[in-house]
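So the sequence shown is residues 1 to 312, counted in UniProt numbering. All C-beta atoms in this analysis are idealised placements derived from N, C-alpha and C, irrespective of residue type, glycine included. The model shown is predicted, which means the values in this text are computed figures rather than measured ones. This report concerns only the one structure given below.
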Amino acid sequence: MMTCTGLRTLMNNMLIYGSVVDGIGGNFPLNTAIIKVTRPLSRPITMVAATYADGFQYGVGKLGRKLVAGEHHAMSQMERIVPDTVPGPIAWGRLQLPAASSEGYFYLTRFVDFEESGFPDISATVKIVARLHASGLGTSDEFGSPIPIYDGLLCHVGGWEREWTTLFKMLWQTSSLDRSINGPQKELDIAIYHTLTQVVPRLLGYLNQLMGGITPCFVHGDLWEGNIGKEVSTGKHFIFDLNGYYGHHEVELAYWKTLHHNMRSRDYCTEYFKHMRPSEPAAEVGDRIKLYGIKAYLNYAAHERQRAMRMR
Numbered sequence: 001m002m003t004c005t006g007l008r009t010l011m012n013n014m015l016i017y018g019s020v021v022d023g024i025g026g027n028f029p030l031n032t033a034i035i036k037v038t039r040p041l042s043r044p045i046t047m048v049a050a051t052y053a054d055g056f057q058y059g060v061g062k063l064g065r066k067l068v069a070g071e072h073h074a075m076s077q078m079e080r081i082v083p084d085t086v087p088g089p090i091a092w093g094r095l096q097l098p099a100a101s102s103e104g105y106f107y108l109t110r111f112v113d114f115e116e117s118g119f120p121d122i123s124a125t126v127k128i129v130a131r132l133h134a135s136g137l138g139t140s141d142e143f144g145s146p147i148p149i150y151d152g153l154l155c156h157v158g159g160w161e162r163e164w165t166t167l168f169k170m171l172w173q174t175s176s177l178d179r180s181i182n183g184p185q186k187e188l189d190i191a192i193y194h195t196l197t198q199v200v201p202r203l204l205g206y207l208n209q210l211m212g213g214i215t216p217c218f219v220h221g222d223l224w225e226g227n228i229g230k231e232v233s234t235g236k237h238f239i240f241d242l243n244g245y246y247g248h249h250e251v252e253l254a255y256w257k258t259l260h261h262n263m264r265s266r267d268y269c270t271e272y273f274k275h276m277r278p279s280e281p282a283a284e285v286g287d288r289i290k291l292y293g294i295k296a297y298l299n300y301a302a303h304e305r306q307r308a309m310r311m312r
């Protein structure tokens, strides 16, 4: 996937193939697959990356293809619902990697030069998120996504469901991934079982009985401080790195409360509810956010191989 991890460059200068950018250093040759999708654009674009020796971050193999396709779809969907709030997706496609037998996939977006900041502005952030949720209401009658969407290595959404409670079975998929990586733990397995069989039907099933149920809206899916940026030149805020799908708007807020994210130290939720009301019963919104947070904890524990994290 095409991302810029801390690098700064100029959007208005076309790089010569293999050239070196002053102040950055390094050789950034453009893959021919990238060049093909940039030619029709009205302004030149500079390709940068920071992780691999060939100058790009990309997805490899069948899983890489699904990851790239899913993020491009989610970013395109968000841009359609709330334009100018994401670095505009340009294209995704296949590229040939140095190893002849390797199959890679790139994802290309408009470059945005972000400030380095630990905390996104509360007001600017929640306005974008609330606008996304409000504008996305009613644009789908079902919960989910038409194509597989990945949260890291986990395909957490891959189809449509009529009921939000049914779609939240992705919690079980997350716990299965954690179990396969960090090993079984009897107490946790029992807690997950009771959560799925008792807590989820009680907290989420009850929502369907009040106020006509939940209306699906489009959610980012992984909205922590690392996926929110402020543009250097304009001060405008953008959201990126989506694994978005149609879900319950409150699920977004769980990432603002988890202990492994810095946003927990500031009250983004209170500001958000000034723009989007919690579902009824409103008195249980805190419990619902805690429930949604379980998925975030287990997914983090699995990908970071941190057994202790899943017990929080």
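Exposure of residue i, with buried meaning 16 or more beta-carbon neighbours within 10 Å
i: residue 328; result: The question about residue 328 has no answer, for the chain in this structure spans 1 to 312.
i: Ile16; result: Bear in mind that the predicted position of Ile16 carries a pLDDT of just 36, short of 50, making it unreliable; the figure below should be weighed with that in mind. Exposed, since its Cβ has fewer than 16 Cβ neighbours within 10 Å.
i: Leu253; result: buried
i: Phe111; result: buried
i: Val232; result: exposed
i: Ala302; result: buried
i: Thr197; result: exposed
i: Ala296; result: buried
i: Ile45; result: Low per-residue confidence applies at Ile45: pLDDT is 45, beneath 50, and the placement is therefore not dependable, though the value from the model is reported in the following sentence. Looking at its Cβ environment, which holds 16 or more other Cβ atoms inside 10 Å, Ile45 is buried.
i: Leu223; result: buried
i: Gly205; result: exposed
i: Asp241; result: buried
i: Leu259; result: exposed
i: Gly235; result: exposed
i: Gly293; result: buried
i: Leu132; result: buried
i: Gly25; result: For Gly25, the pLDDT reaches just 44, beneath the cut-off of 50, and the residue's location in the model is therefore unreliable, although a value from the coordinates is still provided. Counting Cβ neighbours within 10 Å, Gly25 comes out exposed, since fewer than 16 surround it.
Short Cβ contact (8 Å threshold) for residue i with residue j
i: Thr143; j: Glu161; result: The question names Thr, but residue 143 in the sequence shown is Phe. Yes. Within cutoff.
i: Asp151; j: Asn243; result: yes
i: Thr109; j: Leu298; result: no
i: Phe218; j: Met75; result: no
i: Glu225; j: Pro120; result: yes
i: Ile192; j: Gly136; result: no
i: Ala130; j: His275; result: yes
i: Val157; j: Tyr245; result: yes
i: Gly61; j: Ile147; result: no
Sequence-distant residues of the same chain with beta carbon closer than 7 Å to residue i, five excluded per side
i: Gly59; result: Met1, Arg65, Leu67, Val68, Gly104 and Tyr105
i: Pro89; result: His72, Met75, Ser76, Glu79 and Thr109
i: Phe238; result: Thr85, Val86, Pro87, Val112, Gly229 and Glu231
i: Ile122; result: Arg266, Tyr268 and Glu271
i: residue 341; result: The shown model of the chain, from 1 to 312, leaves out residue 341, and the question about it has no answer.
i: Ala134; result: Met276
i: Ala53; result: Summary for Ala53: the model assigns pLDDT 43, below 50, so the residue's position carries little reliability, and this model does not support an answer.
Nonlocal neighbours in the same chain, by C-beta distance under 8 Å from residue i, ignoring five residues either side
i: Val200; result: Thr165, Phe168, Leu171 and Leu291
i: residue 336; result: In the structure displayed, the chain extends from 1 to 312; residue 336 sits before or after that span and is not available.
i: Cys155; result: Lys66, Pro148, Ile149 and Gln173
i: Asp287; result: Leu203
i: Glu187; result: none
Whole-angstrom C-beta distance between residue j and residue i, which should lie under 8 Å
i: Pro216; j: Gly247; result: 7 Å
i: Ile128; j: Thr85; result: 5 Å
i: Ile214; j: Leu207; result: 5 Å
Close beta carbons around residue i, own chain, < 6 Å, minus the five adjacent residues each side
i: Val285; result: Pro278
i: Glu163; result: none
i: Gly159; result: Gly144
i: Ala124; result: His237
i: Ser140; result: Pro216 and Tyr246
i: Arg94; result: Tyr105
i: Arg264; result: Lys257
i: Leu97; result: Gly104
For this session: Let me know the alpha helix (DSSP H) ranges lying completely inside the region 129-179, each 4 residues or longer, listed in chain order.
Result: 164-167
Problem set entry | Secondary structure, alpha helix (DSSP H): runs of 4+ residues fully inside the region 187-229 | 200-203
Problem set entry | alpha helix (DSSP H) segments (min. 4 residues) lying fully within the region 54-110 | 61-81
Problem set entry | Completely contained alpha helix (DSSP H) runs for the region 243-299, where each covers 4 or more residues | 268-272
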